[in-house]
Amino acid sequence: MPMEIARLALRGPIAIVTIDNPPVNALGAGLRAGLADVLAKAASDPAVEAIVIAAAGKAFIAGADISEFGKPPAKPLLPDVLDAIENCAKPVVAAIQGVALGGGLEVALACHGRVAAPAAKLGLPEIKLGIIPGAGGTQRLPRLIGAAKAFPMMLSGEPVSADEASRLGLVDIVALGDVVEAAVALAQDMAKDDPRRTGDLGEALTPADREAFEAVAAEATKKSGDMPNAMALIEAVRAVFTMPFAEGLAVERALFMTLVADDRSKALRYVFFAERDAARVPGIGADVKPRPIATAAVIGAGTMGGGIAMCFANAGIPVTLIETQQAQIDNGMNRVAAIYEMSVTRGSLTPTLRDQRLALITPAVGLSAAAQADIVIEAAFEEMGIKQQIFGELDRIAKPGAILASNTSYLDVPTIAAATKRPADVLGMHFFSPANVMKLLEIVRPAGVADDVVATAVALGRKLNKVPVVVGNGFGFVGNRMLEARTRAAERLLIAGALPHEVDAALTGFGFKMGPFAMSDLAGNDIGWRTRKSRGTKAAVADAICECGWFGQKTGRGYYLYPEGARTGHRDPEVEGLIARISQEKGVTRRSFTPDEILARLLDPMVNEGARILEEGIAARPGDIDIIWLNGYNWPAWRGGPMHWADTVGLDTIVKRLEAQAAESGDKSLEPAPLLRRLAAEGKSFSEMKAQAA
């Protein structure tokens with residue numbers, strides 16, 4: 064028996080069971096077996112009056128071992144171990160330090176008492192993996208604190224602090240000193256009475272609690288009715304009001320097992336691992352230490368620059384926001400202040416915190432204000448000459464060792480770096496708009512940049528509450544390059560016979576919040592028009608719409624009509640007539656498309672471009688591409704990302720469809736990428752690829 068990961072020690076009449084399964088005490092089969100074994104020994108020892116479950120390391124238990132999902136279950140199952148804890152004739156107290164997440168919190172809930180260290184975090188994050196708690200969490204937590212409090216905690220998947228857990232009634236004591244000593248004291252006190260089993264509790268399940276739970280559940284159904292895990296969570300929690308504890312556990316387990324096999328759940332688990340992998344940058348080991356970042360500067364106080372400055376302020380890092388003229392910096396600061404004020408009005412930010420964050424942003428005119436910053440992020444107009452001029456001046460102004468980053472969306476980072484004498488300190492940090500909201504941070508790693516500069520950007524991204532993904536240098540990097548492939552595909556569809564509302568409906572039906580044409584109208588059709596003109600490229604329909612002055616919502620007209628400032632567009636017969644005329648001029652006989660055909664024609668070229676990006680080493684892994692699209696472009700998480708989606712469709716199917724599209728249109732960009740052909744021919748998937756240096 065693996066005693067080394069679950070050991071027993073006696074402290075007088077109290078047995079202390081210490082779990083020790085580095086790095087985070089995940090509840091794999093070995094730990095479950097060891098825990099069950101030592102608990103049985105403590106329970107059968109007549110000298111033991113009560114038991115404390117503690118943990119070595121920084122975590123109590125960080126959750127189940129999700130790598131076991133989808134594999135044949137290994138005994139003992141976690142629910143059986145927790146039944147043994149709860150039904151132990153001697154009181155069992157959990158001593159929680161660090162995190163108690165998922166199965167870790169379910170262990171604590173099965174105990175008869177809970178003591179937490181002040182820094183402890185407790186939560187049930189299973190919803191983020193496409194499942195629900197499967198070892199009694201949905202039945203014990205509501206019985207302990209009430210369904211109206213328990214359900215939102217499980218639905219969000221976010222952990223609560225020890226103090227909040229105490230207010231909820233989730234823990235009995237927040238220990239000011241040693242958490243194990245406090246747990247031993249509680250266990251000694253509890254040994255005087257029979258154990259208080261969580262499954263037997265019901266005082267919190269009042270009619271008022273039921274009413275409050277149903278109200279929250281109804282709201283959740285409106286927002287997440289298409290997500291089976293959210294609906295299963297409602298069903299499981301509702302069982303605490305309608306059936307005995309044992310029957311509720313059976314309902315929970317059945318729902319859990321169904322979800323584990325669900326494709327959407329599998330996609331969310333894939334995303335979990337892909338995001339974890341994206342944090343590992345090929346070629347940069349743990350020995351590479353980030354540079355300290357105590358102060359920052361942002362060049363450009365427009366929407367993007369102001370949003371980036373807010374990211375620093377929100378993370379507690381002083382930042383200087385720089386413009387060329389006083390009027391511009393005043394406008395930028397007013398915009399930032401207005402955004403913070405909206406957060407106060409919504410109740411998501413206190414006035415005190417608003418003032419503290421605003422105080423961290425120092426407005427300035429002139430690049431000399433960046434002289435002492437540890438990192439300078441340029442967020443100026445997307446024009447190479449402007450960026451080179453800024454970086455040339457920063458090279459003279461910035462202190463030695465300062466990191467110089469460009470927020471460019473498309474441009475060549477080495478060309479920008481060449482304006483300096485310190486290219487090893489220059490990289491791209493591509494934030495997404497609005498920067499204070501969007502999670503993605505594309506970190507562009509050009510050849511020659513120092514490893515510690517890349518490591519610093521990654522560490523800083525996490526501190527700014529972003530999901531950093533390191534990519535190689537190349538036009539549009541990863542996300543925008545694939546977006547351009549989809550944009551070209553959408554244009555082809557219009558000329559072939561589809562209408563804007565049909566294309567948009569296919570994507571929103573797939574799970575996107577907006578389709579390409581509604582999104583273009585929102586952003587402004589003139590932005591893409593300007594880019595195409597600067598690059599000498601054309602898009603017949605998009606260009607014609609812009610030539611009419613129909614730039615989208617801001618002009619009341621784009622691909623759709625927006626009467627009287629409406630945010631939702633209506634079909635425009637004139638636009639549809641314009642599209643039909645362009646098709647006729649090109650000699651195209653228009654035809655109708657099904658939603659599935661539209662999806663294939665939009666998404667297959669994206670996958671193809673993704674394969675080229677992997678071939679060129681711009682992305683290290685297929686999962687990195689997926690994380691970029693999930694966090695920067697609103698790809699629905701339960702679809703797993705474009706490369707994961709391609710694996711589920713089958714790469715051979717994607718290849719055949721692309722070949723057919725290429726033959727029909729004569730567009731050689733639709734010819735399947737060599738990597739895509741090779742994987743399809745070998746019967747392999749993108750998920751089988753190994754990481755490469757970006």
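Just remember that the working numbering sits 63 ahead of the position in the sequence shown, which is counted from 1.
We treat Cβ as the ideally placed atom computed from N, Cα and C, and that holds for glycine.
On the three-state DSSP scale, how would you describe residue i?
i: residue 633; result: strand
i: residue 615; result: strand
i: residue 190; result: helix
i: residue 288; result: coil
i: residue 477; result: helix
i: residue 621; result: coil
i: residue 504; result: strand
i: residue 184; result: strand
i: residue 68; result: helix
i: residue 170; result: helix
i: residue 492; result: strand
i: residue 163; result: strand
i: residue 392; result: helix
i: residue 534; result: strand
i: residue 748; result: coil
i: residue 426; result: strand
i: residue 402; result: helix
i: residue 700; result: helix
i: residue 386; result: strand
i: residue 11; result: This structure gives no information on residue 11, because the portion of the chain shown stretches from 64 to 757.
i: residue 314; result: helix
Classify residue i: buried if its beta carbon has 16 or more other beta carbons within 10 angstroms, exposed otherwise.
i: residue 72; result: exposed
i: residue 493; result: buried
i: residue 239; result: exposed
i: residue 123; result: buried
i: residue 444; result: exposed
i: residue 383; result: buried
i: residue 762; result: Residue coverage of the chain in this structure runs from 64 to 757, which leaves residue 762 outside it and unanswerable.
i: residue 182; result: exposed
i: residue 184; result: buried
i: residue 583; result: buried
i: residue 66; result: Here the model assigns residue 66 a pLDDT of 45, short of 50, so the residue's position is not dependable, and the following value carries that caveat. That one is exposed.
i: residue 702; result: buried
i: residue 320; result: exposed
i: residue 405; result: exposed
i: residue 647; result: exposed
Spatial neighbours of residue i within its chain, please: CB distance less than 6 Å, with the 5 preceding and 5 following residues excluded, ordered by chain position.
i: residue 557; result: 604, 642
i: residue 749; result: 685, 706, 710
i: residue 613; result: 620, 621
i: residue 480; result: 486, 489
i: residue 84; result: 68, 94
i: residue 563; result: 580, 622
When the cut-off is 8 Å and only beta carbons count, does residue i lie next to chain D?
i: residue 671; result: Checking the listed chains, one finds no chain D in this structure; it contains a single protein chain.
Measuring CB to CB, does residue i end up less than 8 Å from residue j?
i: residue 595; j: residue 602; result: yes
i: residue 179; j: residue 374; result: no
i: residue 190; j: residue 232; result: no
i: residue 381; j: residue 358; result: yes
i: residue 491; j: residue 516; result: no
i: residue 205; j: residue 141; result: no
i: residue 725; j: residue 733; result: yes
i: residue 174; j: residue 155; result: yes
i: residue 428; j: residue 402; result: no
i: residue 560; j: residue 570; result: no
Please work out which residues of its chain come closer than 8 Å, Cβ to Cβ, to residue i, disregarding the five sequence neighbours upstream and downstream, and give them in chain order.
i: residue 434; result: 460, 461, 462
i: residue 243; result: 79, 115, 117, 158
i: residue 326; result: 711
i: residue 458; result: 467, 482, 483, 484, 485
i: residue 675; result: 736, 738
i: residue 588; result: 605, 608, 609, 613, 614, 615, 621, 622
For residue i, which residues from the same chain have a beta carbon less than 7 Å from its beta carbon, with the 5 sequence-adjacent residues on both sides left out?
i: residue 645; result: 558, 603, 604, 607
i: residue 64; result: Residue confidence for residue 64 is low, a pLDDT of 40 falling below 50, so the modelled location carries little weight; the figure read from the coordinates is stated next. So the qualifying residues of the chain are 96, 97, 100.
i: residue 308; result: 202, 262
i: residue 547; result: 539
Segment contact flag, the segment 195-203 with the segment 157-172, C-beta cutoff 8 Å, min 3 pairs: A contact exists between the segment 195-203 and the segment 157-172.
Using a Cβ distance threshold of 8 Å, determine whether the segment 304-314 contacts the segment 324-337, with at least three qualifying pairs required. No: the two stretches stay apart, fewer than three of their Cβ pairs being nearer than 8 Å.
Are three or more beta carbon pairs between the segment 524-535 and the segment 687-702 nearer than 8 Å? At 8 Å Cβ cutoff, the stretches touch.
Are the segment 138-152 and the segment 253-268 touching by the rule of at least three beta carbon pairs closer than 8 Å? Segment contact: the segment 138-152 against the segment 253-268, three or more CB-CB distances shorter than 8 Å; contact assigned.
Closer than 8 Å is the cut-off here; do at least three beta carbon pairs connect the segment 518-528 with the segment 662-676? No: the two stretches stay apart, fewer than three of their Cβ pairs being nearer than 8 Å.
Touch check for the segment 386-394 and the segment 362-369: three-plus C-beta pairs under 8 Å? Yes: at least three Cβ pairs fall under 8 Å.
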